[in-house]
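Each remark here refers to the structure printed beneath this line.
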Amino acid sequence: GENVEQHPSTLSVQEGDSAVIKCTYSDSASNYFPWYKQELGKRPQLIIDIRSNVGEKKDQRIAVTLNKTAKHFSLHITETQPEDSAVYFCAALNAGNMLTFGGGTRLMVKP
Amino acid sequence: GAVVSQHPSRVICKSGTSVKIECRSLDFQATTMFWYRQFPKKSLMLMATSNEGSKATYEQGVEKDKFLINHASLTLSTLTVTSAHPEDSSFYICSALTGGNYGYTFGSGTRLTVV
Numbered sequence: 165g166e167n168v169e170q171h172p173s174t175l176s177v178q179e180g181d182s183a184v185i186k187c188t189y190s191d192s193a194s195n196y197f198p199w200y201k202q203e204l205g206k207r208p209q210l211i212i213d214i215r216s217n218v219g220e221k222k223d224q225r226i227a228v229t230l231n232k233t234a235k236h237f238s239l240h241i242t243e244t245q246p247e248d249s250a251v252y253f254c255a256a257l258n259a260g261n262m263l264t265f266g267g268g269t270r271l272m273v274k275p
Numbered sequence: 025g026a027v028v029s030q031h032p033s034r035v036i037c038k039s040g041t042s043v044k045i046e047c048r049s050l051d052f053q054a055t056t057m058f059w060y061r062q063f064p065k066k067s068l069m070l071m072a073t074s075n076e077g078s079k080a081t082y083e084q085g086v087e088k089d090k091f092l093i094n095h096a097s098l099t100l101s102t103l104t105v106t107s108a109h110p111e112d113s114s115f116y117i118c119s120a121l122t123g124g125n126y127g128y129t130f131g132s133g134t135r136l137t138v139v
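In order, the protein sequences belong to chains A and B. Under our numbering, think of the first position of the first sequence as 165, with each following residue one higher. Under our numbering, think of the first position of the second sequence as 25, with each following residue one higher.
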């Protein structure tokens, strides 16, 4: 089955700096890659996603890149703010519509 | 947009009792519902996949007799934790495929504490 690895597990940045989180996946048939932000005790919230026919997607301060050949995708947050502090999860959706999550990254943005 | 309502949000129960968690799709038909478990500071782990009108498919290592899943209608799926033990204490969350465009919608989660 699919295996999704996510790094780093924790990331501390200064307000205004950029943050990058990287994920790799194993199933070359996976075709959809969402990123979720989860605050303590709450449901994961979709923040951005990318499909396998696209290499990059941007939404304001958030961007995601996908390298299908290398089977990795990354989340980029620019101009970080304290409210960006949360746990971020990458995920990969395989051909059977099964979503596999990465291990999560705890992002801390210091004011 | 698609909304999944999950109840209860928090529940405390005694060891040996059973707890039912409900997930309802409010404005769409959820033919497939996924149930996840999340331990503190850990990722979401898929427990089982339920399809309306058929038996749930459980992931390896998940006891189907302990975690009973029922998906009797297109808008309701339930997870019952039977004979709960303290090690069952966790955050349980459901997610439904909203159809088209790979949409996934999560419930708000249930924090179960077994004492």
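We put the beta carbon where it would ideally sit given N, CA and C, even for glycine.
- Listed in chain order, the non-local C-beta contacts of residue 177/A below 8 Å within the same chain comprise 183, 244, 271, 272, 273, 274, local neighbours out to five positions each way being set aside.
- Residue ranges of uninterrupted beta strand (DSSP E) with 3 or more members, entirely inside the region 47-108 of chain B and ordered along the chain, are 56-62, 68-75, 91-97, 100-105.
- Within chain A, the residues 261 have their CB atoms less than 8 Å from the CB of residue 121/B, given in chain order.
- Within chain B, 60, 67, 68, 69, 70 have C-beta atoms less than 9 Å from the C-beta of residue 265/A, given in sequence order.
- Note on geometry: alpha-carbon atoms of residue 165/A and residue 191/A lie some 7 Å from one another.
- Listed along chain A, the residues sitting closer than 8 Å to residue 135/B by beta-carbon distance are 205.
- Counting along the chain, residue 34/B sits inside the beta strand (DSSP E) bounded by residues 34-37.
- Here DSSP, grouped into helix, strand and coil, assigns residue 198/A to strand.
- The DSSP-derived three-state label of residue 220/A is strand.
- With a cutoff of 9 Å on beta-carbon distance, residue 102/B and residue 36/B are scored as not near each other.
- Of the candidates 196/A, 167/A, 207/A, 193/A, 207/A places its Cα closest to the Cα of residue 250/A.
- Residue 246/A and residue 96/B have their C-alpha atoms spaced approximately 43 Å apart.
- Under the three-state reduction of DSSP output, residue 179/A falls in the coil class, being neither helix nor strand.
- Contact of residue 117/B with chain A is assigned, a C-beta pair being separated by under 9 Å.
- Comparing alpha carbon positions, the residue from 31/B, 53/B, 62/B closest to residue 111/B is 62/B.
- Across the set 175/A, 229/A, 196/A, 230/A, the C-alpha of 196/A shows the shortest separation from the C-alpha of residue 127/B.
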